[in-house]
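K.L.:
The following block contains the structure, expressed as structure tokens.
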Amino acid sequence: MKVSLIMTVLNEGPHIRRLFESLLLQTRQPDEIVVCDGGSTDTTLAEIESYADRLPIQIVMAPGANISKGRNVAIAAAQHDIIAATDAGVILEPDWLETILAGFTDGSNNSQNPAMVAGFFKPDVEGSFETAMGATVLPELSDINPVTFVPSSRSVAFTKEAWAAVGGYPEWLGFGEDVLYDLRIRDAFGAFGWAPKAIAHFQPRTSLRAFYKQYYNYAAGDGHGGLIPLRHLIRYGTYFVGLPIGLFLIFGVHWVFLLPCLAVMYLYVKTPLRRLKMLGQGLSSSEYIQAIGWVPIIRIVGDIAKMIGYPVGLWMRITDPPPNYVPPTV
């Protein structure tokens, strides 16, 4: 089984060495590495080329390409039938590629000869804020149902045949493109293989501003792509119906309603706090308390970003409708 590893890069100079150092340590080396550069103006290309004597690297140029187009360009240039995909900002476990490739043949998740194998990812964090961010926005392995899990393209592998059959990554979609791509493959080819030990480590956003922008863009992508409308509807209902009702009961009827409202608030942060117990083991006591305080703030900022971004995506879907669009089965 020969495999092409693909990725897109754009001004990743300060971070790209972490990924390529982890590629050097892989127990199963890729047969080729195809990097699509979207027009970097920093040291990215020089950093990548410094590994050309140790890794089978091919660089293709696509100035101005979004992530979807960059991936499609890289895959089109790839020589082999199995494509593994990752992102520039990650560190791969030494057995990542070997483990994710095994998912094509080991019958994982009762999927024989799957068209796609889902790897997993873990946060690479430092300090109270990053730890709280990782605990709030990223699932633990115990949270995952392999049957419904939709992988990130930072840790996934698929056949080139499947990529071609679904028309590749959707280049009209600026964000959330890997979700829509995954769902199209699942609709066309059935259940994914599951390789939970194929782990990519990556750093979550390091500021609230960057996190807001990320989740705004994700929600806009959901709206543009017609993805998970019920989940967004529930969020609007929670904030615009549930929250006012709760405040009215507390301040307009009787304070006794404070207790059930506090219970609901606890449920809002229960899962991140559970994850924080594991992820925050390296924090000091004061840092751990700070991380607890960050959790509800991060949740609220993320929800606000999504509630603002989603209607923007819906408007984009009206003014810039997807070509030949068929909604996936979610």
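Counted from 1, the sequence shown has number 307 at position 305 by this note's numbering; the numbering is strictly sequential. All residues carry an ideal CB built from backbone N, CA and C; glycine is no exception.
Please specify which runs of the alpha helix (DSSP H), each continuous and at least 4 residues long, are wholly inside the stretch 70 to 118, giving them in chain order.
P.N.:
98 to 104
K.L.:
If you follow the beta strand (DSSP E) that G195 is part of, which residue opens it and which one closes it?
P.N.:
Your numbering for residue 195 matches position 193 in the sequence shown. Its beta strand (DSSP E) spans residues G195 to F204.
K.L.:
Buried or exposed for T138, please, with buried defined as at least 16 other CB atoms from any protein chain shown within 10 angstroms of its CB.
P.N.:
As a position in the sequence shown, residue 138 is number 136, starting the count at 1. Burial call: buried.
K.L.:
Determine the DSSP secondary structure at A159, reduced to helix, strand or coil.
P.N.:
Taking the sequence shown and counting its residues from 1, the one referred to as residue 159 is at position 157. Residue state, collapsed to three classes: strand.
K.L.:
Would you say A200 and S157 are within 8 Å of each other, going by their C-beta atoms?
P.N.:
Taking the sequence shown and counting its residues from 1, the one referred to as residue 200 is at position 198. Taking the sequence shown and counting its residues from 1, the one referred to as residue 157 is at position 155. Closer than 8 Å, so yes.
K.L.:
If F194 and A120 are in contact, beta carbons under 8 Å, what's the gap, nearest whole angstrom?
P.N.:
The sequence position of residue 194 within the sequence shown is 192, counting from 1. The sequence position of residue 120 within the sequence shown is 118, counting from 1. Rounded, the Cβ-Cβ distance is 5 Å, consistent with contact.
K.L.:
Compare the beta carbon distance of V152 and L185 with 8 Å and say whether it is the shorter of the two.
P.N.:
Against the sequence shown, residue 152 aligns to sequence position 150. Against the sequence shown, residue 185 aligns to sequence position 183. It is a contact, given that the beta carbons lie within the stated cut-off.
K.L.:
Which residue marks the beginning of the beta strand (DSSP E) containing V36, and which one marks its end?
P.N.:
If you number the sequence shown from 1, residue 36 lands on position 34. DSSP places V36 in the uninterrupted beta strand (DSSP E) bounded by E34 to D39.
K.L.:
Since N13 contacts E173 with CB under 8 Å, what's their CB separation in whole angstroms?
P.N.:
Position 11 of the sequence shown, counting from 1, holds the residue named residue 13. Position 171 of the sequence shown, counting from 1, holds the residue named residue 173. In this structure, N13 and E173 do not form a Cβ contact; the two beta carbons are roughly 20 Å apart against a cut-off of 8 Å.
K.L.:
Tell me whether A202 is buried or exposed, calling it buried when 16 or more other Cβ atoms sit within 10 Å of its Cβ.
P.N.:
On the sequence shown, residue 202 is found 200 positions in, with the first residue counted as 1. Buried, by the Cβ-count rule.
K.L.:
Could you name the residues of the same chain whose beta carbon sits closer than 7 Å to that of D224, not counting the 5 residues immediately before and after it, in chain order?
P.N.:
Reading the sequence shown from its first residue, position 222 is the one you call residue 224. Cβ within range, chain order: G178, I230, H234, Y312 and G315.
K.L.:
Hey, A222 and M318 are a contact pair by Cβ (cut 8 Å); roughly how many whole angstroms apart?
P.N.:
As a working mapping, residue 222 is identified with position 220 in the sequence shown. As a working mapping, residue 318 is identified with position 316 in the sequence shown. With 8 Å as the limit, A222 and M318 qualify as a contact, their Cβ atoms being about 7 Å apart.
K.L.:
How far does the alpha helix (DSSP H) with M3 in it reach, from first residue to last?
P.N.:
Here residue 3 is taken as the residue at index 1 of the sequence shown, counted from 1. First-last for M3: undefined, no H or E at that position.
K.L.:
Between R386 and I93, how many whole angstroms is the CB-CB distance? I'm expecting something under 8 Å.
P.N.:
Outside the modelled stretch of the chain, which goes from 3 to 332, sits residue 386, for which no answer is possible.
K.L.:
What's the call for G40, buried or exposed, on a 16-neighbour Cβ count within 10 Å?
P.N.:
Against the sequence shown, residue 40 aligns to sequence position 38. Buried, because 16 or more other Cβ atoms sit within 10 Å of the Cβ of G40.
K.L.:
From T29 to M3, what does the alpha carbon distance come to, in whole angstroms?
P.N.:
Mapped onto the sequence shown, residue 29 falls at position 27. Mapped onto the sequence shown, residue 3 falls at position 1. Straight through space, the alpha carbons of M3 and T29 are spaced by roughly 15 Å.
K.L.:
So, is P116 buried or exposed, given that buried needs 16 or more other C-beta atoms within 10 angstroms?
P.N.:
As a working note, residue 116 is residue 114 in the sequence shown. Buried, since its Cβ has 16 or more Cβ neighbours within 10 Å.
K.L.:
Out of V255, P325, M309 and C263, point me to the one whose CA is closest to Q216's CA.
P.N.:
Stepping through the sequence shown from its first residue, residue 216 is reached at position 214. Of the candidates V255, P325, M309 and C263, the one whose C-alpha sits nearest the C-alpha of Q216 is M309.
K.L.:
For the alpha helix (DSSP H) that contains I320, what are its first and last residues?
P.N.:
Taking the sequence shown and counting its residues from 1, the one referred to as residue 320 is at position 318. Here the alpha helix (DSSP H) through I320 covers S287 to T321.
K.L.:
Candidates Y214, M280 and G284: which alpha carbon is nearest S1's?
P.N.:
Limits of the chain in this structure are 3 at one end and 332 at the other, which puts residue 1 out of reach.
K.L.:
Apart from the five residues just before and just after P298, which ones in its own chain have a Cβ nearer than 6 Å to its Cβ?
P.N.:
Here residue 298 refers to the residue found at position 296 of the sequence shown. So the list reads V271, once near-sequence residues are dropped.
K.L.:
Could you say which of P323, V75, S70 and I18 lies nearest to G227 if we only look at CA atoms?
P.N.:
For the purposes of this step, residue 227 is taken as the residue at position 225 of the sequence shown. The shortest C-alpha separation from G227 is found at P323.
K.L.:
Would you kindly report the start and end of the unbroken beta strand (DSSP E) that includes I61?
P.N.:
Mapped onto the sequence shown, residue 61 falls at position 59. First-last of the beta strand (DSSP E) with I61: I59 to M63.
K.L.:
Sorted by chain position, which residues of the same chain lie with C-beta nearer than 7 Å to L182's C-beta, five sequence neighbours on each side aside?
P.N.:
On the sequence shown, position 180 is the one that residue 182 refers to. Within the same chain, L182 has close Cβ partners P172, L175, G227, L229 and P330.
K.L.:
Given this structure, state the Cα-to-Cα distance separating V255 from I247, to the nearest angstrom.
P.N.:
By 1-based counting over the sequence shown, the position of residue 255 is 253. By 1-based counting over the sequence shown, the position of residue 247 is 245. When rounded, the distance between both Cα atoms is 11 Å.
K.L.:
Please give the ranges of any alpha helix (DSSP H) in the stretch 204 to 247, keeping only runs that are unbroken, at least 4 residues long and fully inside the region.
P.N.:
210 to 227 and 231 to 239
K.L.:
Throw me the rounded Cβ distance for the F160 and I85 pair, which I believe falls under 8 Å.
P.N.:
For the purposes of this step, residue 160 is identified with residue 158 of the sequence shown, where counting begins at 1. For the purposes of this step, residue 85 is identified with residue 83 of the sequence shown, where counting begins at 1. With a Cβ gap of about 6 Å, F160 and I85 count as contacting.
K.L.:
Closest Cβ-Cβ distance between L94 and chain B: below 8 Å?
P.N.:
Included in the structure is just one protein chain, with no chain B present.
K.L.:
May I ask you to verify whether the stretch 73 to 87 touches the stretch 52 to 59, counting CB pairs closer than 8 Å and requiring at least 3?
P.N.:
no
K.L.:
Starting from the Cα of K71, find the closest Cα among V5, I294, M9 and I252 and give me that residue.
P.N.:
For the purposes of this step, residue 71 is taken as the residue at position 69 of the sequence shown. The residue with the shortest Cα to Cα distance from K71 is M9.
K.L.:
Would you mind working out which of A87, L27 and F259 sits nearest C38, comparing C-alpha positions?
P.N.:
Mapped onto the sequence shown, residue 38 falls at position 36. Of the candidates A87, L27 and F259, the one whose C-alpha sits nearest the C-alpha of C38 is A87.
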